Amino acid sequence: MDPDFARDGYLVARGVVPAADVAAFHEVFTMFIPDVPYPRGPDGVVRELTGVARAYEPLMRIAIDRRSGALVARALGAARVQLLQDSMLYKPAHEGGTVEWHQDRTYIGYLEPASVATLRIALLPEDEGNGCMRVVPGSHRRITAIGRAARSCCACSTRRARSYRRSYRPGPRRTSRPMPADT
């Protein structure tokens with residue numbers, strides 16, 4: 032396993048996907064989630080579609096791209112990896128809602144020990160001003176089951192104080208052992 036990944040629970044990998052591919056990914060994304068005004072929820076706009084790649088072959092090509100698989104396998108120290116879920120998340124700059132602190136691995140907690148990673152590809156630039164992702168280094172070692180995560184909601188404010196925001200340019204930016212994150 033990559034030592035930085037084991038320690039922090041995430042990696043940032045720059046330049047893995049060429050700009051032309053990122054533009055193509057963005058085009059496919061906007062076919063499913065067009066860049067139009069959406070009704071605001073209580074704290075902003077968030078749209079998520081899961082499992083679309085299983086029904087739409089161009090998205091499946093993105094989801095099973097060998098570059099992404101190799102990156103995740105290296106991070107986990109695995110010979111190969113399996114796609115468990117694909118999702119597309121839309122959270123527009125300046126008006127995007129909150130995605131609550133969470134660990135993705137708790138959704139598939141039947142894997143013990145956890146050998147799960149989330150690969151995230153930013154399609155547009157992100158920074159603190161427009162609502163970038165927040166990561167909590169080492170949190171993958173602290174919360175290991177959804178029950179504990181649900182019981183520890185009050186601890187989120189404490190973890191938030193020790194979190195770091197990650198600014199990204201388009202392209203794959205991190206592989207993470209799923210962790211609490213405001214994405």
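In the working numbering, the protein residues as written are 32 to 214. Heads up, the beta-carbon is just placed ideally off N, CA and C, and yes, glycines get one too. Bear in mind the structure is a predicted one, so any value in this text is a computation, not a measurement.
In the DSSP assignment, find the unbroken beta strand (DSSP E) run with residue i in it and report its ends.
| i | result |
| --- | --- |
| Ala153 | 149-153 |
| Leu80 | 78-81 |
Taking C-beta to C-beta, are residue i and residue j nearer than 8 Å?
| i | j | result |
| --- | --- | --- |
| Tyr69 | Val59 | no |
| Leu150 | Ser118 | no |
| Glu126 | Arg173 | no |
| Val83 | Gly100 | no |
| Gly160 | Lys122 | no |
| Asp2 | Gly128 | Only positions 32 to 214 of the chain appear in this structure, which leaves residue 2 out of reach. |
| Ile152 | Phe63 | no |
What are the boundary residues of the alpha helix (DSSP H) that residue i is part of?
| i | result |
| --- | --- |
| Ile99 | Reading the sequence as shown, one finds Ser at residue 99 and not Ile. Its alpha helix (DSSP H) spans residues 97-107. |
| Val167 | Taken as a continuous stretch (DSSP letters only), Val167 belongs to no alpha helix (DSSP H), as it is neither H nor E. |
| Gly45 | One point to set straight first is that residue 45 is Arg, not Gly, in the sequence displayed. That residue, Arg45, is in no alpha helix (DSSP H); it is neither H nor E in DSSP. |
| His57 | 50-63 |
| Met91 | 88-94 |
| Arg38 | 34-39 |
What is the C-beta distance between residue i and residue j, in whole angstroms, given that I count them as a contact (C-beta under 8 Å)?
| i | j | result |
| --- | --- | --- |
| Val166 | Tyr41 | 5 Å |
| Ala109 | Phe36 | That pair is no contact at about 11 Å. |
| Leu102 | Ala44 | 6 Å |
| Arg98 | Val48 | 7 Å |
| Leu114 | Ile93 | 11 Å between Cβ atoms; not a contact. |
| Leu154 | Val53 | 6 Å |
Who does residue i pair with in a DSSP beta bridge?
| i | result |
| --- | --- |
| Tyr121 | Arg78 |
| Gly162 | Gly162 pairs with nothing; no bridge assigned. |
| Gly72 | Gly75 |
| Gly1 | Since the displayed the chain opens at 32 and closes at 214, residue 1 lies outside it and no answer follows. |
So, is the C-beta of residue i closer than 8 Å to a C-beta in chain C?
| i | result |
| --- | --- |
| Ala50 | Included in the structure is just one protein chain, with no chain C present. |
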